[in-house]
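Each number in the numbering used here comes from the position in the sequence shown (counting from 1) with 5 added on. Some notes on the structure that comes next.
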Amino acid sequence: MSATPAPIVTVYWRPGCPYCSMLSRDLDRAGLTYEARNIWDDPDAAAFVRSVARGNETVPTVTVGDTALVNPPVEEIVRLLQAPAQSGQNRAT
6 MSATPAPIVT
16 VYWRPGCPYC
26 SMLSRDLDRA
36 GLTYEARNIW
46 DDPDAAAFVR
56 SVARGNETVP
66 TVTVGDTALV
76 NPPVEEIVRL
86 LQAPAQSGQN
96 RAT
């Protein structure tokens, strides 16, 4: 029996966003691997962010598996990675 792979973490960001920079730094310090998608260069990424952030392009928006989080602390991302069975929720703040 093989282990279930960890959920994929995607960070939606834009240039000049200090919160995005802080979150990326915190994720790097925590040793987490993630995909970064610039919403100014990627229309699909921007549309996704609007779909989970009440029509706004609020960044950073993060997905952990199929759970979307708007401007989350790194601790919440780590918690979701440790309990992947809780995915499938949207948490717009």
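Ideal Cβ placement from N, Cα and C applies to all residues, glycine included. Please read all numbers here as calculations on a predicted model, not as lab measurements.
Could you tell me the boundaries of the alpha helix (DSSP H) in which residue i lies?
i, result
"ALA50", "48–57"
"ILE82", "79–87"
Does DSSP classify residue i as helix, strand or coil?
i, result
"LEU37", "coil"
Please name the residue or residues paired with residue i in a DSSP beta bridge.
i, result
"VAL67", "VAL16 and LEU74"
"ASN1", "Because the chain is modelled from 6 through 98, residue 1 falls outside the range shown and cannot be assessed."
What is the rounded straight-line gap between the Cα of residue i and the Cα of residue j?
i, j, result
"SER92", "THR15", "Confidence in SER92 is poor, its pLDDT being 48 and thus under 50, which makes the residue's placement too unreliable to answer from."
"ALA41", "ALA88", "22 Å"
"ASP46", "LEU32", "22 Å"
"THR98", "VAL79", "Caution is warranted here: a pLDDT of 49 is assigned to THR98, below 50, making its placement in the model unreliable, and no coordinate value can be reported."
"VAL83", "ARG19", "22 Å"
"LEU28", "PRO65", "8 Å"
"ALA58", "GLY36", "27 Å"
"LEU74", "PRO48", "19 Å"
"ARG30", "THR38", "12 Å"
Leaving out five residues on either side along the sequence, give the residues of the same chain with a beta carbon under 7 Å from the beta carbon of residue i.
i, result
"GLU62", "ILE44, ALA51, VAL54 and ARG55"
"GLU81", "LEU74"
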